[in-house]
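**Q**
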């Protein structure tokens, strides 16, 4: 539906009251920092490795061109044109779409709760990085000080430090355990840092991003230079980029590529709409959308090179230790001279012994030492940061410095993403006029951060990691896709394509071409609808379950797959669908309000009686 161009946004007084970025660089860094987050470091490399290596870049680029960039342009353009936050924008387009902004607000709030919890974990590791030796490098003594703690002795030191020293995790989600006070203090510190950075909106975040957005690139570059000089880096990079084109026939690869682009660009949260609303009306939002989206994707690729260089080094170390263990067994079993078997000739010696004395070799139960197997043990999410990478830095000279750089980088990445998440929470409150006249912005922002901190304390229980994974898996996925679908449909068919194109021409000096209009009207809505249906099918195909830490398992340590209890499954479903109900709920409330108003007008009309007016 095409509509006539609306009035200039300055005509309603919004522009005069709206703050402005100090300069264009602040805006670009804020958007890049919001888009580039922890997922670029610990999710994208994992997807490349598990979905055909370099072949994964094909669906990733297709999703970027036909889904990511068009939707990103919509958010930047509509925010800049209407100069409001997510709630204000969609209420201005149509009262029936007011629920779209409330979905953005709700999801940003839920994501902020658990995202800053991850930052609390990162801060805990960062603080411990200054100890010598690193606390996850050795096992503690048992209470009697007669030996090492069995849990740590029977597993790796990094795994023990993560699951026992840091999380002190329970074996079941139903067992909440107690509050971990050290983590709670880290959580309070993380929220305090976030508050100080967003206390005056873009006036303070615009200055903080000079460090928080640029520091991770400096650290990644330092890590890259170091990683490329480490043994095994080449094997790690080959593992990452060797294409397996057969993987492209797997529909899950395309689904993961589409969702990675969606979440990596932070679409649907409302933060980009709010950031763009602080731009001058004649800013080139089209160029910004393409530039920021490309920077985000290049950063993912850059981070993947660094991560897999380090993982290749770790795999080479693990492979070497495996060979050394087997060599020692052979030397002892066959009375070979010490140091007579090297890693290079291990394969030949083993083949000779297998040919001459196969029974004795079989009785040794040698480990299968294949470098590819160790390369396959990559991880994503918290496992990559707090276990795999934490172990990798132990083998690097100056481990404390590398650990501090790595976790400092993660904290900066997460902090900048939190700026966008919180802008998606705070800006709608101003749109809804939720700030009393006597309450300054600084106090309202402080109350929001305090409320978020109190709500997030549940993640500080011993079962908190299980709940964080639930929020990560269910709180955002379907709701954001649902929200983005109504965003692009609302702009293309409610606000009107002609009106939207006229607005962009007024802002940038040129009308959007055929590519933009086709993707906005047809391609992007169909892609989002397909992803939404695929997610629903995936959700219906497997009941919610979780990997529970099981220290009593005979093969310690072990993760046991457990089904969620019924009440937890109900919580998962509420997180998956409840925020989206804002859209039909607000539309229905608006429709009922209009019916009520129309009925009231009908009742107030003069009634005719006997041919005259009564």
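In full-length UniProt numbering, the protein residues as written are 1 to 614.
All C-beta atoms in this analysis are idealised placements derived from N, C-alpha and C, irrespective of residue type, glycine included.
Just so it is clear, the structure is predicted and the values come from calculations on it, not from any experiment.
1. Which runs of the alpha helix (DSSP H) spanning at least 4 residues fall entirely within the segment 53-99, listed in chain order?
2. Please go through the segment 519-551 and give each complete alpha helix (DSSP H) segment of 4 or more residues, from N-terminal end onward.
3. Let's test the definition: count the other Cβ atoms within 10 Å of the Cβ of residue 518 and tell me whether it reaches 16, buried, or not, exposed.
4. If you reduce the DSSP assignment to three classes, tell me which class residue 141 lands in.
5. Check for me: the alpha helix (DSSP H) holding residue 616 runs from which residue to which?
6. Answer yes or no: do residue 79 and residue 264 have a C-beta to C-beta separation smaller than 8 Å?
7. Nearest-angstrom Cα distance between residue 187 and residue 292?
8. Just checking my contact of residue 103 with residue 582 at CB under 8 Å: how many whole Å lie between their CB atoms?
9. Take the Cβ of residue 360 as the centre, count every other Cβ of all protein chains shown within 10 Å, and call the residue buried at 16 or more, exposed below.
10. Report, in whole angstroms, the separation of the C-beta atoms of residue 412 and residue 216, which I expect to be a contact under 8 Å.
11. Measure the C-alpha to C-alpha separation of residue 58 and residue 230 and round it to an integer number of angstroms.
12. For the alpha helix (DSSP H) that contains residue 372, what are its first and last residues?
13. In terms of residues, what are the limits of the alpha helix (DSSP H) holding residue 243?
14. One question on the structure: do residue 310 and residue 399 come within less than 8 Å of each other, judged by their Cβ atoms?
15. May I ask you to list the residues that DSSP assigns as paired with residue 618?
16. Please report the straight-line C-alpha distance between residue 8 and residue 108, rounded to a whole angstrom.
17. If you run the structure through DSSP and keep just helix, strand and coil, what is residue 179?
18. Going straight from the alpha carbon of residue 192 to that of residue 346, what length do you get?
19. For the alpha helix (DSSP H) containing residue 268, list its first residue and its last residue.
20. Compute the Euclidean distance between the alpha carbons of residue 236 and residue 560, then round it to the nearest angstrom.
21. Got a sec, what are the start and stop residues for the alpha helix (DSSP H) residue 24 sits in?
22. Which first and last residues belong to the alpha helix (DSSP H) in which residue 289 is found?
23. Please state if the CB of residue 110 and the CB of residue 482 are separated by a distance shorter than 8 Å.
24. What would DSSP say about residue 336, mapped onto helix, strand or coil?
25. Can you look up residue 439 in the DSSP assignment and give me helix, strand or coil?
26. In whole angstroms, what is the alpha-carbon distance linking residue 567 and residue 323?
27. Using the Cα positions of residue 596 and residue 586, report the straight-line distance between them to the nearest angstrom.
28. Looking at the structure shown, is residue 410 part of a helix, part of a strand, or coil, going by DSSP?
29. Under 8 Å between the Cβ atoms of residue 56 and residue 47?
30. I need the straight-line Cα distance from residue 575 to residue 185, nearest angstrom please.
31. Rank 580, 588 and 599 by C-alpha distance to the C-alpha of residue 269 and give the top, closest one.
32. Exposed or buried, what is residue 27 when buried is set at 16 or more other beta-carbons lying within 10 Å of its beta-carbon?
33. Are three or more beta carbon pairs between the segment 59-69 and the segment 457-471 nearer than 8 Å?
34. Can the beta-carbon of residue 415 be found closer than 8 Å to that of residue 214?
35. If you run the structure through DSSP and keep just helix, strand and coil, what is residue 119?
36. Could you please give the first and the last residue of the uninterrupted alpha helix (DSSP H) stretch that includes residue 222?
**A** According to the data block:
1. 57-63, 69-82 and 86-93
2. 524-541
3. exposed
4. strand
5. It is not possible to answer for residue 616, since the shown part of the chain is limited to 1 through 614.
6. no
7. 30 Å
8. 5 Å
9. exposed
10. 5 Å
11. 29 Å
12. 371-375
13. Looking at the DSSP string, residue 243 is not in any alpha helix (DSSP H), and its letter there is neither H nor E.
14. no
15. The displayed coordinates of the chain run from 1 to 614. Any statement about residue 618 would go beyond what the structure contains.
16. Any reading at residue 8 is ruled out, since the residue's pLDDT is 46, under 50, leaving its predicted position unreliable.
17. strand
18. 56 Å
19. First-last for residue 268: undefined, no H or E at that position.
20. 29 Å
21. 24-35
22. 285-333
23. no
24. coil
25. coil
26. 48 Å
27. 15 Å
28. helix
29. yes
30. 27 Å
31. 580
32. buried
33. no
34. no
35. helix
36. 215-227
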